[in-house]
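Report on the structure given below.
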Amino acid sequence: MQAKEEDVCLGANKYSGRQPIGIAAQSEEKDYWEPPPAPLFEPGELGTWSFYRAGIAEFVATFLFLYISLLTVMGALGSKSKCSTVGIEGIAWAFGGMIFVLVYCTAGISGGHINPAVTFGLFIARKLSLTRALFYMVMQCLGAICGAGMVKTFKKSLYMANNGGANFVSPGYTKGDGLGAEIIGTFVLVYTVFSATDAKRNARDSHVPILAPLPIGFAVFLVHLATIPITGTGINPARSLGAAIVYNRAHAWDDQWIFWVGPFTGAALAAFYHQMVIRALPFKSRA
625 MQAKEEDVCL
635 GANKYSGRQP
645 IGIAAQSEEK
655 DYWEPPPAPL
665 FEPGELGTWS
675 FYRAGIAEFV
685 ATFLFLYISL
695 LTVMGALGSK
705 SKCSTVGIEG
715 IAWAFGGMIF
725 VLVYCTAGIS
735 GGHINPAVTF
745 GLFIARKLSL
755 TRALFYMVMQ
765 CLGAICGAGM
775 VKTFKKSLYM
785 ANNGGANFVS
795 PGYTKGDGLG
805 AEIIGTFVLV
815 YTVFSATDAK
825 RNARDSHVPI
835 LAPLPIGFAV
845 FLVHLATIPI
855 TGTGINPARS
865 LGAAIVYNRA
875 HAWDDQWIFW
885 VGPFTGAALA
895 AFYHQMVIRA
905 LPFKSRA
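For the sequence shown, the numbering used here assigns the number 625 to the initial residue and increments by one for each residue that follows.
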């Protein structure tokens, strides 16, 4: 067994540019710095400007996200000809493109969550405190309500005629289909967030922090392409809540639970997968 352990260590030393396997991964020496787990409660941050500035950034970003994306939806649904509309692809680009832009703009201030499911996933992984997570979620929901309200102000008749961009399970699909689509779609998004912001990759590949908003936005785009026909694509409880509150019709609330349970479940699974499987250290062999 001792010889086997020496072979593993030798292989890790000989090919230092490769990720070690086996017991070599247990080395305490790291070529990157990873922030310590955030405390569950951090009351001290309630007295800092940076805490409230981050919340304001989340509010504004979610407001802009709903404003641009829902206006795009209204324009596509209100067009008299399919040839003159952006279609599903354009709607998906609007959602994904706005996330790309807004994550780029707010990443250095609040982390660029713009989504309670992302915030929840990062909280599960101990990336932020419960205090900050709850504050972010409240500000995101308020921003979404204001963004949807602004769209209704500009295009009230079109807004009400096209369900206000609210999410619900499309005819021909079951609630189970909708829930599954939301879980998997949010898993893709939150897993991409974890991968794009991984401290280990950021340290070893200098371009990763710069490009992080791009794969996140592209993940949103791809998920929308896949699930717009099923649920209209939620994967963001604030987006679904904001549209439902402003539209405020009974059928907008029938499936609302799906757009909270699904994204939160998908986010939790993504956090578990990344932290416990992808980033987990293997058990050390014993002689």
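A virtual CB, placed ideally from N, CA and C, is assigned to each residue, including glycine.
Once the 5 residues before and after residue i are set aside, which same chain residues still bring their CB inside 7 Å of it?
i	result
Gly641	In this predicted model, Gly641 has a pLDDT of only 44, less than 50, meaning its place in the structure is not dependable enough to derive any value.
Leu664	Ser753 and Leu754
Val697	Ile715 and Gly789
Arg750	Pro661 and Ala662
Thr868	The residue asked about is misnamed: residue 868 is Ala in this sequence, not Thr. Closer than 7 Å at Cβ, skipping near neighbours: Ala790, Ala876, Trp877 and Gln880.
Straight-line CA distance for residue i to residue j?
i	j	result
Arg873	Pro659	45 Å
Gly720	Pro795	25 Å
Ile769	Ile712	23 Å
Ile738	Ala862	8 Å
Asp822	Cys765	27 Å
Leu597	Ala716	Absent from the structure is residue 597, since the part of the chain shown begins at 625 and ends at 911.
Gly699	Val725	21 Å
Phe926	Ser703	This structure does not reach residue 926, given that the chain is present from 625 up to 911, and the question cannot be answered.
Met774	Tyr691	7 Å
Pro661	Ala876	38 Å
Phe689	Arg903	31 Å
Gly804	Leu835	29 Å
Phe818	Leu782	38 Å
Val684	Leu694	15 Å
Val710	Trp673	41 Å
Determine the extent of the alpha helix (DSSP H) in which residue i is found, giving its start and end residues.
i	result
Gly720	Gly711 to Thr730
Lys780	Lys780 to Ala785
Phe665	Segment: none, Phe665 is in no alpha helix (DSSP H) and carries neither H nor E.
Trp884	Ile882 to Phe896
Val901	Unbroken run through Val901: none, as it is neither H nor E.
Thr743	Pro740 to Ile748
Taking its Cβ as the centre, do 16 or more other Cβ atoms sit within 10 Å of residue i, making it buried, or is it exposed?
i	result
Arg677	exposed
Lys780	exposed
Asp878	exposed
Gly668	exposed
Val901	exposed
Ala785	exposed
Thr730	buried
Thr798	exposed
Thr855	buried
Thr777	exposed
Gly732	exposed
Glu652	With a pLDDT of 47 at Glu652, under the threshold of 50, the modelled position of that residue is not reliable, and no figure is offered here.
Sorted by chain position, which residues of the same chain lie with C-beta nearer than 6 Å to residue i's C-beta, five sequence neighbours on each side aside?
i	result
Thr889	Ile807
Ala894	Gly745, Phe811, Val814 and Tyr815
Ser734	Ala678, Ala681 and Glu682
Phe687	Gly767, Cys770 and Gly771
Ile748	Ala892 and Ala895
Gln899	Ala749
Spatial neighbours of residue i within its chain, please: CB distance less than 8 Å, with the 5 preceding and 5 following residues excluded, ordered by chain position.
i	result
Ala741	Thr810, Leu813, Val814, Ile859, Asn860, Pro861, Pro887, Phe888, Gly890 and Ala891
Segments assigned alpha helix (DSSP H), at least 4 residues, entirely inside the segment 670-707: Segments of the alpha helix (DSSP H) lying fully in the segment 670-707: 673-702.
Which runs of the alpha helix (DSSP H) at least 4 residues long sit entirely within the segment 812-882? Give them in chain order. List check, alpha helix (DSSP H) in window: 823-828, 831-835, 837-855, 861-871 and 874-878.
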